[in-house]
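All letters in the sequence shown, in the order written, are residues 5 to 349 by our numbering. Ideal placement from N, C-alpha and C gives every residue a C-beta, glycine not left out.
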Amino acid sequence: MFGAIKNRIPRDAGERSRGATRPIGTADIRSEPRELRVEALGLRKTYTGGAREIHALQGVDLHVAKGEFVGVLGPNGAGKTTLIECLEGIRRPDTGEVRILGADTSDAGKMKKIRGRMGIALQHSTLPPRLTVREILTLQVRLYASQVRVDRMIDLVGIGDKADQRIEHLSGGQQQRVAVAMALMGDPELMFLDEPTSQLDPHARLALWELLYTQRDRRDASVVITTHQMEEAQRICDRVVIIDHGRVIAEGRPKELLRQHFTSRRMNFMLPIAAALDLRALNARSEPAGNGMKRVSLQTERPGATLVELAQLYGDSMIDLSVEEPTLEELFVKLTGTALQGETA
Ligand SMILES: Nc1ncnc2c1ncn2[C@@H]1O[C@H](COP(=O)(O)OP(=O)(O)O)[C@@H](O)[C@H]1O
Ligand SMILES: [Mg+2]
5 MFGAIKNRIP
15 RDAGERSRGA
25 TRPIGTADIR
35 SEPRELRVEA
45 LGLRKTYTGG
55 AREIHALQGV
65 DLHVAKGEFV
75 GVLGPNGAGK
85 TTLIECLEGI
95 RRPDTGEVRI
105 LGADTSDAGK
115 MKKIRGRMGI
125 ALQHSTLPPR
135 LTVREILTLQ
145 VRLYASQVRV
155 DRMIDLVGIG
165 DKADQRIEHL
175 SGGQQQRVAV
185 AMALMGDPEL
195 MFLDEPTSQL
205 DPHARLALWE
215 LLYTQRDRRD
225 ASVVITTHQM
235 EEAQRICDRV
245 VIIDHGRVIA
255 EGRPKELLRQ
265 HFTSRRMNFM
275 LPIAAALDLR
285 ALNARSEPAG
295 NGMKRVSLQT
305 ERPGATLVEL
315 AQLYGDSMID
325 LSVEEPTLEE
335 LFVKLTGTAL
345 QGETA
């Protein structure tokens with residue numbers, strides 16, 4: 005695993021605060037000007053050559069502030085990789101402009117100067133197959149003249165026992181960890197990670213997020229990550245940008261987005277089977293649940309008021325109360341009419 009790292013990933017990134025003076029998220033974007041690490045405007049990209057043209061990006065704007073974690077979400081083929089590669093400066097958009105760390109990505113001279121301040125993990129990293137993990141990372145250290153010790157980084161990404169293995173002998177998930185280690189090697193202020201967790205198990209995923217948070221704390225690093233795993237993004241990103249067919253279809257802090265799009269909440273609880281139930285206004289449904297209890301489920305537009313009413317009506321006889329929170333997955337379905345589940349990118 006990723007070494008002995010304390011799990012301090014919050015249940016909801018939007019509620020996290022980084023010290024008393026600097027809360028993160030949209031609130032401080034509005035109240036104080038923040039240094040932008042990424043500014044992209046009007047990005048369009050069309051692939052030609054095959055039987056048909058593919059409009060991979062159809063006018064995308066995106067900005068990322070200092071210290072911000074932004075998740076680019078969308079199904080397979082949505083344009084996430086095209087977008088992140090345009091932001092990294094390794095792919096030219098047909099039209100539009102990108103500035104990262106103040107440098108215009110079309111300006112080779114300026115890009116060369118800032119190259120050491122950013123870290124990139126490509127989706128399909130073509131790592132040199134015949135080199136070992138340690139050899140690749142040692143090369144990386146020379147490029148960046150960083151103080152980070154190679155062996156420590158190999159341990160941090162959880163492949164200490166693979167240090168002298170050739171890349172070609174590593175699993176997909178282990179190669180992903182090497183790619184992330186390479187991205188972190190230069191102690192970057194800005195990181196781009198394209199689906200870095202797709203082949204990792206849940207524990208390794210948490211550990212990866214922990215590493216990225218540590219980098220944020222140390223350097224005020226900004227992170228742009230693409231994923232098709234909405235649940236993960238909802239938990240860890242300050243802001244998400246949902247794209248579909250090359251367009252941004254929703255953007256914001258996960259909690260705020262969900263609040264905007266879903267006003268009602270589903271509540272579930274148990275009551276003694278004999279309890280009178282008159283919650284027709286709330287479309288309550290009930291079913292026997294054994295042990296003399298029934299399970300009740302209802303939908304309400306006023307969760308707070310409904311809770312008070314339920315407490316007054318049923319008091320202690322109501323047990324196992326839960327309120328279902330809407331998810332980004334549900335938001336995606338609502339906005340596009342299609343499910344994201346099961347997609348791979
Ligand atoms: N080099 C390429 N040449 C032609 N089509 C491409 C190329 N790269 C991506 N595409 C197409 O562009 C669309 C967006 O792809 P991509 O950016 O990889 O999306 P995602 O990362 O969200 O899966 C897809 O339809 C994909 O097939
Ligand atoms: Mg992709």
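Just tell me which of GLU43, LYS70, LYS84 and GLY54 has its CA closest to the CA of ALA60. Counting from one through the sequence shown, the residue named residue 60 turns up at place 56. Nearest option by C-alpha distance: LYS84.
Short Cβ contact (9 angstroms threshold) for LEU40 with ASP65: As a first step, residue 40 must be located in the sequence shown, where it is residue number 36. As a first step, residue 65 must be located in the sequence shown, where it is residue number 61. In this structure, ASP65 does not lie closer than 9 angstroms to LEU40 by Cβ.
Quick one: is ALA343 buried, meaning 16 or more other Cβ sit within 10 Å of its Cβ, or exposed? Sequence index remark: in the sequence shown, residue 343 carries index 339 (1-based). Counting Cβ neighbours within 10 Å, ALA343 comes out exposed, since fewer than 16 surround it.
Alpha carbon to alpha carbon, what distance is there between GLU328 and PRO307? As a working mapping, residue 307 is identified with position 303 in the sequence shown. As a working mapping, residue 328 is identified with position 324 in the sequence shown. Each residue's Cα considered, the two are about 10 angstroms apart.
Please confirm whether any heavy atom of ligand 2 lies closer than 8 angstroms to the CB of GLU236. Numbered from 1 along the sequence shown, position 232 holds the residue referred to as residue 236. For ligand 2, not one heavy atom lies less than 8 angstroms from the Cβ of GLU236.
Kindly examine ligand 2 and report whether one of its heavy atoms sits closer than 8 angstroms to the Cβ of ASP198. Residue 198 sits at position 194 when you count from the first residue of the sequence shown. Under cutoff, so the answer is yes.
Whose beta carbon lies closer than 5 angstroms to any heavy atom of ligand 1, going through the chain in order? With 5 angstroms as the limit, the residues whose C-beta approaches a heavy atom of ligand 1 more closely than that are TYR51, ILE58, ALA60, ASN80, GLY81, ALA82, GLY83, LYS84, THR85, THR86 and ALA349, in chain order.
Suppose the cutoff is 6 angstroms on Cβ atoms and the five residues either side in sequence are ignored; what does the same chain contact list for LYS120 look like? The residue labelled residue 120 in the question sits at position 116 within the sequence shown. The amino acid at residue 120 is misidentified as Lys; the sequence shows Gly. Within the same chain, GLY120 has close Cβ partners TYR148 and GLY190.
Exposure label - GLN264; buried when at least 16 CB within 10 Å: The sequence position of residue 264 within the sequence shown is 260, counting from 1. The residue in question, GLN264, is exposed, as its Cβ has fewer than 16 Cβ neighbours within 10 Å.
Shortest alpha-carbon distance to ASN295 belongs to which of LEU281, LEU302, ILE323 and GLN316? By one-based count along the sequence shown, residue 295 stands at place 291. The shortest Cα separation from ASN295 among LEU281, LEU302, ILE323 and GLN316 belongs to ILE323.
Is PHE73 helix, strand or coil when you go by DSSP? For the purposes of this step, residue 73 is taken as residue 69 along the sequence shown, with counting starting at 1. Correct three-state label for PHE73: strand.
Give a yes or no on whether the C-beta atoms belonging to PHE266 and ILE88 are separated by under 9 angstroms. Stepping through the sequence shown from its first residue, residue 266 is reached at position 262. Stepping through the sequence shown from its first residue, residue 88 is reached at position 84. No, Cβ-Cβ distance for PHE266 and ILE88 is not below 9 angstroms.
Nearest-angstrom Cα distance between GLY113 and GLU334? Within the sequence shown, the letter at position 109 stands for residue 113. Within the sequence shown, the letter at position 330 stands for residue 334. Answer to the nearest angstrom: the Cα atoms are 44 angstroms apart.
To the nearest angstrom, report how far apart ARG170 and ALA211 are at their CA atoms. As a first step, residue 170 must be located in the sequence shown, where it is residue number 166. As a first step, residue 211 must be located in the sequence shown, where it is residue number 207. Distance between the alpha carbons of ARG170 and ALA211 is about 23 angstroms.
Is any heavy atom of ligand 2 found at a distance shorter than 8 angstroms from the C-beta of THR109? Here the question's residue 109 lines up with position 105 in the sequence shown. False, no ligand heavy atom lies under 8 angstroms from that Cβ.
Can you list, in chain order, the residues of its chain with a C-beta nearer than 6 angstroms to that of ALA82? Leave out the 5 residues immediately preceding and following it. The residue labelled residue 82 in the question sits at position 78 within the sequence shown. For ALA82, where only same-chain residues beyond five positions count, the Cβ hits under 6 angstroms are ILE247 and ASP248.
Which of helix, strand or coil does DSSP assign to PRO276? Within the sequence shown, numbered from 1, the residue matching residue 276 stands at position 272. In the three-state DSSP reduction, PRO276 falls in the strand class (E or B).
Per the DSSP calculation, ILE104 is bridged to which residue(s)? As a working mapping, residue 104 is identified with position 100 in the sequence shown. According to DSSP, ILE104 bridges with VAL42 and ALA107.
Roughly how many whole angstroms lie between the Cα atoms of ALA237 and VAL227? Position 233 of the sequence shown, counting from 1, holds the residue named residue 237. Position 223 of the sequence shown, counting from 1, holds the residue named residue 227. Those two C-alpha atoms are separated by around 12 angstroms.
Under DSSP, the beta strand (DSSP E) around LEU302 begins and ends at which residues? Within the sequence shown, numbered from 1, the residue matching residue 302 stands at position 298. Segment 297-304, the beta strand (DSSP E) holding LEU302.
Nearest to GLY75 by CA position, among VAL245, LYS259, PRO292 and SER268, is which residue? The count along the sequence shown starts at 1 and reaches residue 75 at position 71. It is VAL245.
Simplified DSSP assignment, three categories, for MET5: The sequence position of residue 5 within the sequence shown is 1, counting from 1. Confidence at MET5 is low in this model, with a pLDDT of 42, below 50, so the placement of that residue should be treated as unreliable; the coordinate-derived value is given next. Here MET5 sits in coil by DSSP.
Assigned secondary structure, HIS59 (DSSP; H/G/I helix, E/B strand, else coil): To locate residue 59, count along the sequence shown from 1; it is residue 55. It is a strand residue.
Extent of the continuous alpha helix (DSSP H) to which LEU311 belongs: Residue mapping note: residue 311 aligns to position 307 of the sequence shown, counting from 1. Its alpha helix (DSSP H) spans residues 307-318.
Classify GLN316 as buried or exposed, calling it buried when 16 or more other Cβ atoms lie within 10 Å of its own Cβ. For the purposes of this step, residue 316 is identified with residue 312 of the sequence shown, where counting begins at 1. Under this definition GLN316 is an exposed residue.
Between which two residues does the alpha helix (DSSP H) harbouring GLY294 extend? Here residue 294 corresponds to residue number 290 of the sequence shown, with the count starting at 1. Per DSSP, GLY294 belongs to no alpha helix (DSSP H); it is in the beta strand (DSSP E), 289-294.
Is it right to say LEU339 is buried, meaning 16 or more other beta carbons lie within 10 angstroms of its own, or is it exposed? Counting from 1 along the sequence shown, the entry for residue 339 is found at position 335. Exposed is the call here.
Counting pairs of Cβ atoms below 8 angstroms between the region 45-58 and the region 213-222, do you hit three or more? no
Compare the beta carbon distance of GLY325 and LEU302 with 9 angstroms and say whether it is the shorter of the two. Stepping through the sequence shown from its first residue, residue 325 is reached at position 321. Stepping through the sequence shown from its first residue, residue 302 is reached at position 298. A quick correction: the sequence has Leu, not Gly, at residue 325. Their beta carbons are not under 9 angstroms apart, which means LEU325 does not touch LEU302 by this criterion.
From ILE229, VAL161 and ASP108, residue whose alpha carbon lies closest to that of HIS207: Taking the sequence shown and counting its residues from 1, one reaches residue 207 at position 203. Closest option to HIS207, Cα to Cα, is VAL161.
One or two residues paired with ASP248 in a DSSP bridge: Counted from its first residue, the sequence shown places residue 248 at position 244. Its beta-bridge partners are ARG251.
Compare the C-alpha of GLU72 against each of LYS166, ALA225, ALA125 and GLY106 and name the closest. In the sequence shown, residue 72 corresponds to position 68, counting from 1. Answer by Cα proximity: ALA225.
Provide the residue(s) that pair with GLU328 in DSSP beta bridges, ordered along the chain. Numbered from 1 along the sequence shown, position 324 holds the residue referred to as residue 328. In the DSSP output, where bridge partners are listed per residue, GLU328 has ARG270.
Excluding the five sequence neighbours on either side, which residues of its own chain have a C-beta within less than 8 angstroms of the C-beta of LEU314, listed in chain order? To locate residue 314, count along the sequence shown from 1; it is residue 310. Answer for LEU314: MET271, PHE273, MET322 and LEU325, listed in chain order.
State buried or exposed for ILE94, treating a residue as buried only when at least 16 other CB atoms are found within 10 Å of its CB. By 1-based counting over the sequence shown, the position of residue 94 is 90. Looking at its Cβ environment, which holds fewer than 16 other Cβ atoms inside 10 Å, ILE94 is exposed.
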